[in-house]
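Asks:
In my numbering, the protein residues as written are 4 to 87.
#1: Excluding the 5 residues flanking residue 10 on each side, which residues of the same chain have their C-beta closer than 8 Å to its C-beta?
#2: Looking at the ligand NAD, does it come within less than 7 Å of residue 18, judged from the CB to the closest heavy atom?
#3: Does the separation of the CB atoms of residue 65 and residue 54 fall below 8 Å?
#4: I'd like the span of the alpha helix (DSSP H) that includes residue 75, first residue to last.
#5: Alpha carbon to alpha carbon, how far is residue 41 from residue 56?
#6: Tell me the DSSP bridge mates of residue 63?
#7: Nearest to residue 18 by CA position, among 36, 4, 30, is which residue?
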């Protein structure tokens with residue numbers, strides 16, 4: 004994670020990548036890890052997080068019961084963009 008979001012960490016670890024330390028998208032291995040990671044970013048870091056599952060015929064949007072209308076709209080928008 005740190006190599007994806009921190010240029011200093013990426014450099015210290017010898018990560019040579021155009022997005023090392025400057026990632027716009029973070030990919031998780033499964034839905035459970037994604038849920039935990041998304042909630043941590045939302046509640047501990049006050050980040051706005053969208054939820055889209057990729058890999059099916061079409062993107063799947065998973066809204067949380069506590070998502071704001073804005074978060075739901077952003078998830079839908081990301082799903083639409085991902086499908087094109």
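Glycine included, every Cβ here is placed at the ideal spot set by N, Cα and C.
Replies: Quick answer:
#1: Answer for residue 10: 23, 24, 25, listed in chain order.
#2: Of the ligands one can find in the structure shown there are none, so the ligand NAD has no counterpart to examine.
#3: Yes, these two residues count as a Cβ contact at 8 Å.
#4: Boundaries of the alpha helix (DSSP H) harbouring residue 75: 72-85, taken from the DSSP string.
#5: Cα to Cα, residue 41 sits roughly 12 Å from residue 56.
#6: 56
#7: 4
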